[in-house]
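Only one structure is covered here, and it is reproduced in the block below.
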Amino acid sequence: MSIRQLTDHAGEWLRGAGPHSDIVISSRIRYARNLAGYPFVNRANRRQRFEVLDRCKQEIVSKRLADNVLWVDLPDSPSMDRQLLVERHLISRQHATAGDDIPRAVALDAAETFAIMVNEEDHLRVQVLRSGMQLAEAYDQIDRIDDVLEEKLDFAYSRRFGYLTACPTNLGTGIRVSVMLHLPALKLTGEIEKVRRASRDMHLAVRGLFGEGSEALGDLYQISNQTTLGKAEQEILADFEHTVVPQIIAYEQQARQALLKQRQAQLDDKVWRAWALLTNARVMGTDEVLQLLSHLRLGVNLGRIEKVDIRAINELFLLTQPAHLQKLSQQEMDAAERRIARAKLIRQRLEQATR
Amino acid sequence: MEIVKGKKIEQHLCDLHAAEEGMAVKAAHTPINELLTNFVKLHSGGTQTSTSELTCEECGLSFSKFRESSLMGCPSCYKSFEGPLSPLLERAHEGGSHHVGKVPRRAGAGEQRQAQLTRMRKKLNEAVTAEDYELAARLRDDIRRYEEQAE
Ligand SMILES: [Zn+2]
Ligand SMILES: [Zn+2]
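Heads up: the sequence lines are chains A and B, in that order. Quick note: the first sequence, position 141, residue 141 per full-length UniProt numbering, numbers continuous. Quick note: the second sequence, position 15, residue 15 per full-length UniProt numbering, numbers continuous.
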């Protein structure tokens, strides 16, 4: 398995399947762990960082986690590959761009259900990613990975503080639960701010998924817990499964129904304009494409347009990102060239996917 | 929308750290830094000895250095800075001050094991720095053997 093979398909998590996949794009859980007896990455010397990397690699590629694990040493990887991994949510931007003096890696399984960053801020950052609302399944998997690794690795842990992490905000369970939500109707009806406020009151972090600001391009929002100390994993999960996500889903559904009832012509106009532009434009920027894909996705989910399936749309969210675009066309392109290639790719993909 | 769980906490901690995954951009540790700055203001000028002079014996990180980066240097930092850190942690974690949740299987003898590993690896580091490679090789074997004897 190689990075090249990642390009032409999307990961399992973009399948567009799983419970509530009209609103919940994916469920993700990650935890942070550090090896006992070493300084954390930021204070370890070069030799210690290499030792940590080797020690972790040994256990991760031992076939106890998956038959086929792709191990990518990041300082040796072309920056385009690293960017691709960022776009696919498999590594953080920090992990992609840290200096070459930090030996670091990411390990993935073929289906991209898990990704393990070694020597990011913590020695180990393990994440599991699933499509739709599948937090319980994701937790089972990540808990298993943790059990397997801890059979051979001593993790830094204290009775009072739990798993010890470089940043005190990850202390305790070290666990971060996130769901990626598509909330176009709440955006269109102007109610998204209420979700933001309510989430903040519950001590959850809300952020956009693409782009650099807090702006949620493509109406995609990621909601995650901020509290990791004093709350058990199951409690954090239960909050998401039984309170947070169901309420936001219900709220988005109400907004969708309201649009259907009260603003049907305007809704259809948004959806069909998106379709018209996506299938005809010759030059397309990232921000614009994400917004159009969002409206098209809403239209498909509400049965206002039946020309294309959700999976194709989900994939386009990913494939139109800069590194993916360049990997797919197998050449480096500047921004202007990418806008043209992006428009072309979308036309091709939508034509293939048209029913 | 009726989400009425949880109490409102003004300080939003380490936005980035909740954010580091995937596309989210991670820059500095701004929010915990804010907490730290407020904390230091609150406690300066009193009779209390300056927390900035606290230093972790294990890795040498000082509390003032921690204030700059918001990152701990090693597991022992949590013991060294426990005093000034506790109120910050409670602010950061909705009042949480003690771990509840998963306990690693090796946790029983864990703290002793961890202390032992820390001592052995520290010696190894010193041996390498002193270019005593014979000693370093021996220590490396010892560590390996120790790691392999699971509880
Ligand atoms: Zn942080
Ligand atoms: Zn320390």
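For each residue, glycine too, the CB sits at the ideal point set by N, CA and C. In this text, all values refer to a predicted model and were calculated from it rather than measured experimentally.
Residue burial annotation: S86/B is exposed, with fewer than 16 other C-beta atoms found within 10 angstroms of its C-beta. For W71/A, the enclosing beta strand (DSSP E) starts and ends at 69-73. Segment contact: the region 193-211 of chain A against the region 140-149 of chain A, fewer than three CB-CB distances shorter than 8 Å; contact not assigned.
Using a CB distance cut-off of 8 Å, L237/A does not count as an interface residue toward chain B.
With fewer than 16 other Cβ atoms from the protein chains shown falling within 10 Å of its own Cβ, P78/A counts as exposed. If you check the CB distance, T354/A and V283/A do not come in under 8 Å. Chain-order list of chain A residues neighbouring T55/B: empty, with the shortest C-beta distance near 13 Å, by a criterion of under 7 Å. Our two residues, V106/A and L85/A, have alpha carbons roughly 9 Å apart in a direct line. The beta carbon of R347/A sits closer than 7 Å to those of T279, all from its chain and outside the five residues before and after it, given in chain order. The region 261-275 of chain A makes contact with the region 295-305 of chain A: 3 or more CB pairs, one atom from each, lie closer than 8 Å. The alpha-carbon separation between V195/A and L181/A amounts to approximately 12 Å. At a cut-off of 8 Å, the C-beta of C167/A has a neighbouring C-beta in chain B. In terms of Cα proximity to G162/A, the closest of R47/A, L318/A, G230/A is G230/A. For L129/A, the shortest separation between its Cβ and any heavy atom of ligand 2 does not lie below 7 Å. At a cut-off of 8 Å between beta-carbon atoms, N42/A makes contact with chain B. When Cβ-Cβ separations below 8 Å define contact, L139/B makes no contact with chain A.
The beta carbons of E137/A and I175/A sit about 15 Å from each other, so the pair does not count as a contact at 8 Å.
N45/A counts as exposed, since fewer than 16 other C-beta atoms from the protein chains shown sit within 10 angstroms of its C-beta. Annotation for E58/B indicates a beta carbon within 7 Å of some heavy atom of ligand 2.
The continuous beta strand (DSSP E) containing I25/A extends over residues 24-33. DSSP places A105/A in no alpha helix (DSSP H) but in the uninterrupted beta strand (DSSP E) bounded by 105-109.
Relative to ligand 2, S76/B has its C-beta within less than 7 Å of a heavy atom. Beta-bridge analysis with DSSP links G172/A to G162/A, Y163/A. Put simply, the backbone Cα of T113/A is about 18 Å away from that of L319/A.
The region 222-229 of chain A makes contact with the region 86-101 of chain B: 3 or more CB pairs, one atom from each, lie closer than 8 Å.
Rounded to whole angstroms, the gap between the alpha carbons of D54/A and F66/B is 28 Å. Check the Cα spacing between R339/A and each of N314/A, E87/A, R311/A, E288/A: the tightest is with E288/A.
Within the region 146-163 of chain A, contact with chain B at the beta-carbon level (separation under 9 Å) is assigned to D146, D147, E150, E151, K152, L153, D154, F155, A156, Y157, S158, R159, R160, F161, G162, Y163. Taking the Cα positions, R121/B is about 31 Å away from L90/A.
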